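Q:
Protein chains in written order, with this note's numbering: chain A, 35 to 340; chain B, 35 to 340; chain C, 35 to 340; chain D, 35 to 340.
(1) Name the residues in the region 188-211 of chain A whose C-beta lies less than 7 Å from a C-beta of chain B; which are they?
(2) Rounded to whole angstroms, what's the CA-CA distance from residue 281 of chain C to residue 304 of chain A? Just pull it up for me.
(3) Under 9 Å, Cβ to Cβ, is there at least one residue of chain D near residue 98 of chain A?
(4) Please state whether DSSP places residue 154 of chain C in a helix, a strand or coil.
(5) How big is the Cα-Cα spacing for residue 340 of chain C and residue 332 of chain C?
(6) Rounded to a whole number of angstroms, what is the C-alpha to C-alpha distance between residue 161 of chain A and residue 319 of chain A?
(7) So, does the CB of residue 60 of chain D fall closer than 9 Å to a CB anywhere in chain A?
(8) Answer with yes or no whether the minimum CB distance from residue 254 of chain C to chain D is below 9 Å.
(9) Closer than 9 Å, CB to CB, is residue 94 of chain B near chain C or not?
(10) Work out the CA separation of residue 56 of chain B and residue 79 of chain A for me, nearest whole Å.
(11) Leaving out the 5 sequence neighbours to the left and right, which residues in its chain are closer than 8 Å to residue 121 of chain D when beta-carbon positions are compared?
(12) Count the other CB atoms, across all protein chains shown, that sit within 10 Å of the CB of residue 101 of chain C; report buried if there are 16 or more and exposed otherwise.
(13) Counting Cβ pairs closer than 8 Å, one from the region 142-151 of chain B and one from the region 162-176 of chain B, do we hit at least three?
(14) Spatial neighbours of residue 40 of chain D within its chain, please: C-beta separation below 6 Å, excluding the five flanking residues on both sides.
(15) I want to verify the contact list: residues of chain A whose CB lies under 9 Å from the CB of residue 290 of chain B, in sequence order.
(16) Kindly indicate if chain A contains any beta-carbon less than 9 Å away from that of residue 302 of chain C.
(17) Keeping to the same chain, check which residues put their C-beta closer than 7 Å to that of residue 259 of chain C; ignore five residues upstream and five downstream.
(18) Rounded to a whole number of angstroms, what is the C-alpha to C-alpha distance between residue 262 of chain C and residue 50 of chain C?
(19) Report the partner residues of residue 287 of chain A according to the DSSP bridge assignment.
(20) Nearest chain C C-beta to residue 247 of chain A closer than 9 Å, yes or no?
(21) Under 8 Å Cβ to Cβ from residue 283 of chain D, same chain only, skipping five residues before and after it: list those, please.
(22) Assess contact between the region 225-238 of chain C and the region 184-197 of chain C, defined as three or more Cβ pairs (one per stretch) separated by less than 8 Å. Is contact present?
(23) Taking only the alpha-carbon atoms, compute the straight-line gap between residue 326 of chain A and residue 214 of chain A and give it to the nearest angstrom.
(24) By DSSP, does residue 281 of chain D sit in helix, in strand, or in coil?
(25) Please list the segments of the alpha helix (DSSP H) lying wholly inside the region 35-95 of chain D, counting only runs of 4 or more residues, in order along the chain.
(26) Please specify which runs of the alpha helix (DSSP H), each continuous and at least 4 residues long, are wholly inside the region 220-277 of chain A, giving them in chain order.
(27) Is residue 310 of chain D helix, strand or coil when you go by DSSP?
(28) How is residue 112 of chain C classed by DSSP in three states: helix, strand or coil?
(29) When the Cα of residue 301 of chain B is compared with those of B:206, B:336 and B:323, which residue comes out closest?
(30) So, does the CB of residue 56 of chain A fall closer than 9 Å to a CB anywhere in chain B?
(31) Which partner residues of residue 217 of chain D appear in the DSSP bridge assignment?
(32) Report the option in B:89, B:143 and B:72 whose CA atom is closest to the CA atom of residue 166 of chain B.
(33) Would you tell me roughly how many angstroms separate the C-alpha atoms of residue 285 of chain C and residue 291 of chain C, rounded to the nearest one?
(34) Between residue 35 of chain D and chain C, is there a C-beta pair that is closer than 9 Å?
(35) Helix, strand or coil, according to DSSP, for residue 149 of chain C in the structure here?
(36) Exposed or buried, what is residue 130 of chain C when buried is set at 16 or more other beta-carbons lying within 10 Å of its beta-carbon?
Encoded structure:
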């Protein structure tokens, strides 16, 4: 498994460490700018050396800093440019990111035409849609971390309340990885049974989920561990061709009347990327929420200079 | 396994992420100062939330920020205060760290009298020696990451040359985790066979090992992934009572005539900490190098205000 | 984690190998009869030596043959006496097994009063009920592998049809581990969505699930791999206190009007055994099937000489 | 990773379970005879079903019984025909095994020309040599479990004496997997240090190692767990291209003057099979022992009708 990480900031570094700690990649390429910090004139090169040493304790890997050319032949390219963390407001900062995408994605895809593109950059769904357009890849090969992290945050909270492993909590946050996200409450279950909590408690947990990214930013100035782990788990599912179901940002084709943009739906992830999305049943209110998410992403995409 | 991390900087954060990614701890307490960065007014609290979410993907853990009192009952307390990374020259910055140790270690040990103290703070061997003195714990329960990371760096280099898994390279860097460290070349082997490299090549790899920390710092401004993984592997050996042999900083009792300070020797690590150190055979030159390391640590300990 | 296996036949041996291969136990005691085979005069002793060697490749464990006294202090005692496999018709062979349970369970519990008893012996639900009565342990500490294996068989079949990881298929086989078992179809889902298969296809998969044990027996003369893996996963959930939801045989207290016997319901398994059972919603027909399972187990328990 | 197991007896079944328990293979083909047991008219088909169900708990795999044609495209073919276990005297039973090899190996290699052949059948070194000759594959692609199991048995014993993890005990059993095997005592070390045991104790442990297989057979009638785990670890090293050093039976080319037959030497195992053997230094006495092993294998190969 050859993985390239484009953007070696807080999220890219944490993703590198997570991949190394879990022994997921044989070959890891870090692609990033030298950086403006005089104390860190070549951050990617230093990070690659550090991760190379760390990999000796788990699964020895080739880790090195490189350019787009070095990423050639990647199985997965994770795009973690500025804004992957929540340390920028999710709907700002996109100007530079969109510009960066236009520069790098065609070149990356030319060098790795068989690769899967995994987007972690915010505004997530707009950036994933843009990446899909720029890459000209099949839709199955471009996906974003989307609401996977939001979903895991909700499951952690429900897990504590229900005293059940988070993996047994089936409750999706869907739609936009942003403020219009919503919980598909009608299909939520715990171990196959109805979640036995009052609506007010559920609403409170949903609100905590929605604001979790902001809360972490407010305390530590950015977020990275959770989103890096989300990306690592998607990469692991690809590496193992595991066909696990995860809510990730993927091209919507007719769900709730939406088409042509990327939003998070439950998707089956395997060696070829998104193998299928599931036709989860939503109430009318949930469908409306999904449509509001779509609207929000469309607005972002339509902004001048995006 | 309850693990507390004291100091939530570059190393402490990376250690937290590594422990979570590998599913080592059930309970993880982050103890750190609020910090002076106005963008990160409560870094430990934010990091704890972020790691809590990440843990849902691996082994769900209780992760929270806390005080010394919250660390009560820890199985391992990892001390990762400023200087754990190589971003400070290894022999500077000790004034404040020594002061911090005097403040926190007695309180930590009082609250967790059964804990093992794992030191990653530089100057590593002096700080480990100081921690042992302050803690009044048995010597087996205070250890430092020492030359484990240097050893793995050397093994990575030898592994590439010999085309053999690093775990099968048995070549220790011993003595001080600093410039006086040395390779126990006389006992080095690869898969049980003599390492078939010219002395000049070996000398070059040793030099690369010695300067690796500086090289990473020069590029990225600090080091954290390697040292965090070293600490995580020590904690994993403790958790599993695995009795693996690792070069770690531990109280020397008569080896090469040295006594009463901590330096790195091959040690057996298990549930009770350092179970034994191995009587590795050294040449006269290697013994002299070990004694120089001891001298260097003694000088640090003797400095005014240390 | 100290695990004792009582009964070192096809299932007990396979459970031992699975525990060793996955590195679950630190200490493993095999308790069995010498056996009548002149070629294998002390099977448990030989198996223990063999497994001890195998454990060196994964997680070194203390493995030895022993008596009830050697099992003292076990965290889990797995009872795999004759009939754990499906190689006896599930509703025969119980006479000797019931007699064996009466002899060993009180002694086992006296030596390991804190242990959890895990039953794999058929007729599974009757034997689990009997073990609970004989042990006088709290109901949470006596459980049987129950329909966990049947459930996994069904999920394998559904997984192939739906092209989704079995872990994301939520479809329980409940009731008796035997011919009256049934699929809780009304609550079945795949990745949170309705399973999109025709009823006739589903019925066919259910029939395949019900007869899978018999089919394997017909071909190989016994079953062991699947039931051993079921038991190993329950033990792993106990060891990690993971609170995973699994359908296991546990005391029913009022579900569908049934009480006082053990049958399989979705249960949360952790360090203390069965932490809770889930109130899964069943249709009237499913409830009736559950009641038929109960009836069947009651009849077995009521047979003369059981 | 596609693995085929030829021979579904005690060893083949245990290897299948170990591969499934550790999640090593994606695709597993069991090739075996229907068997003479009327209770088990199609053992491989039943075993495949049982292992398929077990794999759902770890890493879902395609498991099925098949013919040589179904093995086409295998990455590894493990030959576990009668005599893989020690239940036959290691130097008997070879007539039928040699005959079987002549029938199946050319066909297997024709269908899977890129495969690695892993032999577990006794007399191990003669059968590995024969397999190499019959297959016409490069020497790197034909290997036998050899003294890997004997080595692990010795390490378990030394580990208990030294209180050190077996992985840190570097002490090879080399030569023949049979009575002429010997310990390369001159190069033995524990954690890089000399093993601090009296010669009489060492001799005793060596004798226990040599007779361990016989002891297990005497007790349980056959051996399988240890040899299956040995084979599984070799397959894991191949799958991960880990370049781990293991003593395995491989073509000797000039070591101690021996050439043209297979015996166990420390070898580096990776994706392409045996990547190199290590030039371990032996004393004159150890070299003589190696030559005796060679003599013994040559005699077996020269027997009429082998």
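Yeah, the Cβ is synthetic: ideal placement off N, Cα and C, and Gly gets one too.
Keep in mind the model is a prediction, meaning the values are calculated, not measured.
A: Reading from the atomic positions:
(1) If the cut-off is 7 Å between Cβ atoms, the region 188-211 of chain A has 189, 190, 193, 199 and 200 near chain B.
(2) Indexing the third chain from 1 puts residue 281 of chain C at position 247. Indexing the first chain from 1 puts residue 304 of chain A at position 270. Near 27 Å, if we compare the C-alpha coordinates of residue 304 of chain A and residue 281 of chain C.
(3) Along the first chain, read from residue 1 onward, the residue named residue 98 of chain A stands at position 64. When Cβ-Cβ separations below 9 Å define contact, residue 98 of chain A makes no contact with chain D.
(4) Taking the first residue of the third chain as 1, we reach residue 154 of chain C at position 120. In the three-state reduction of the DSSP assignment, residue 154 of chain C falls in the coil class, being assigned neither a helical nor a strand state.
(5) Locating residue 340 of chain C in the third chain gives position 306, where the first residue counts as 1. Locating residue 332 of chain C in the third chain gives position 298, where the first residue counts as 1. Those two C-alpha atoms are separated by around 11 Å.
(6) Position 127 of the first chain, counting from 1, holds the residue named residue 161 of chain A. Position 285 of the first chain, counting from 1, holds the residue named residue 319 of chain A. Cα to Cα, residue 161 of chain A sits roughly 26 Å from residue 319 of chain A.
(7) Here residue 60 of chain D refers to the residue found at position 26 when the fourth chain is read from its first residue. Interface residue, yes.
(8) Working through the third chain from its first residue, we reach residue 254 of chain C at position 220. For residue 254 of chain C, the answer is yes, since a Cβ of chain D falls inside 9 Å of its Cβ.
(9) The residue given as residue 94 of chain B occupies position 60 in the second chain. Interface flag for residue 94 of chain B against chain C is set, since a Cβ pair is found closer than 9 Å.
(10) The residue you call residue 79 of chain A lines up with position 45 of the first chain. The residue you call residue 56 of chain B lines up with position 22 of the second chain. Distance between the alpha carbons of residue 79 of chain A and residue 56 of chain B: 25 Å.
(11) The count along the fourth chain starts at 1 and reaches residue 121 of chain D at position 87. Because the pLDDT of residue 121 of chain D is 40, which lies under 50, any placement of that residue in the model is unreliable, and the question is left without a value.
(12) Within the third chain, residue 101 of chain C is the residue found at index 67, counting from 1. Around the CB of residue 101 of chain C, fewer than 16 other CB atoms lie within 10 Å, so the residue is classed as exposed.
(13) Yes, since at least three Cβ pairs between the region 142-151 of chain B and the region 162-176 of chain B fall closer than 8 Å, the two stretches touch.
(14) As a working mapping, residue 40 of chain D is identified with position 6 in the fourth chain. For residue 40 of chain D, same chain residues with a beta-carbon under 6 Å away, outside a window of 5 residues either side, are 65 and 113 in chain order.
(15) Counted from its first residue, the second chain places residue 290 of chain B at position 256. Those within 9 Å of residue 290 of chain B in chain A number zero; the least Cβ separation is about 27 Å.
(16) For the purposes of this step, residue 302 of chain C is taken as residue 268 along the third chain, with counting starting at 1. At a cut-off of 9 Å, the C-beta of residue 302 of chain C has a neighbouring C-beta in chain A.
(17) Along the third chain, read from residue 1 onward, the residue named residue 259 of chain C stands at position 225. Here the set comprises 48.
(18) For this step, residue 262 of chain C is matched to residue 228 along the third chain. For this step, residue 50 of chain C is matched to residue 16 along the third chain. One C-alpha to the other measures close to 8 Å.
(19) Taking the first residue of the first chain as 1, we reach residue 287 of chain A at position 253. The partner list for residue 287 of chain A (beta bridge, DSSP) reads A:293.
(20) As a working mapping, residue 247 of chain A is identified with position 213 in the first chain. Cβ-Cβ to chain C under 9 Å: no for residue 247 of chain A.
(21) The count along the fourth chain starts at 1 and reaches residue 283 of chain D at position 249. Result list for residue 283 of chain D: 153, 158, 159, 162, 177, 178, 179, 180, 181, 211, 296, 297 and 298, in chain order.
(22) Using a C-beta cut-off of 8 Å, the region 225-238 of chain C makes contact with the region 184-197 of chain C, since at least three inter-stretch Cβ pairs fall below that distance.
(23) Numbered from 1 along the first chain, position 292 holds the residue referred to as residue 326 of chain A. Numbered from 1 along the first chain, position 180 holds the residue referred to as residue 214 of chain A. Rounded to whole angstroms, residue 326 of chain A to residue 214 of chain A spans 7 Å at the Cα level.
(24) The residue labelled residue 281 of chain D in the question sits at position 247 within the fourth chain. DSSP places residue 281 of chain D in strand when its eight states are reduced to three.
(25) Residue ranges of uninterrupted alpha helix (DSSP H) with 4 or more members, entirely inside the region 35-95 of chain D and ordered along the chain, are 44-56 and 77-89.
(26) The region 220-277 of chain A is shown to contain whole alpha helix (DSSP H) runs of 4 or more residues at 233-254 and 259-273, in chain order.
(27) In the fourth chain, the residue the question calls residue 310 of chain D occupies position 276. Assignment of residue 310 of chain D by DSSP, reduced to helix, strand and coil, places it in the strand class.
(28) To locate residue 112 of chain C, count along the third chain from 1; it is residue 78. Reduced to three states, the DSSP call for residue 112 of chain C is strand.
(29) The count along the second chain starts at 1 and reaches residue 301 of chain B at position 267. Out of B:206, B:336 and B:323, B:206 has the C-alpha closest to the C-alpha of residue 301 of chain B.
(30) Translated into positions along the first chain, residue 56 of chain A becomes position 22. Among the residues facing chain B, residue 56 of chain A is included, as its CB has a counterpart in that chain under 9 Å away.
(31) Counted from its first residue, the fourth chain places residue 217 of chain D at position 183. Paired residue(s): D:207.
(32) Locating residue 166 of chain B in the second chain gives position 132, where the first residue counts as 1. Measuring from the Cα of residue 166 of chain B, the nearest candidate turns out to be B:143.
(33) The residue labelled residue 285 of chain C in the question sits at position 251 within the third chain. The residue labelled residue 291 of chain C in the question sits at position 257 within the third chain. Their backbone Cα atoms lie some 13 Å apart in a straight line.
(34) For the purposes of this step, residue 35 of chain D is taken as residue 1 along the fourth chain, with counting starting at 1. At a cut-off of 9 Å between C-beta atoms, residue 35 of chain D does not count as an interface residue with respect to chain C.
(35) The sequence position of residue 149 of chain C within the third chain is 115, counting from 1. When secondary structure is reduced to three states using DSSP, residue 149 of chain C falls in the coil class, being assigned neither helix nor strand.
(36) Translated into positions along the third chain, residue 130 of chain C becomes position 96. With a 10 Å radius around the Cβ and a threshold of 16 neighbouring Cβ atoms, residue 130 of chain C comes out exposed.
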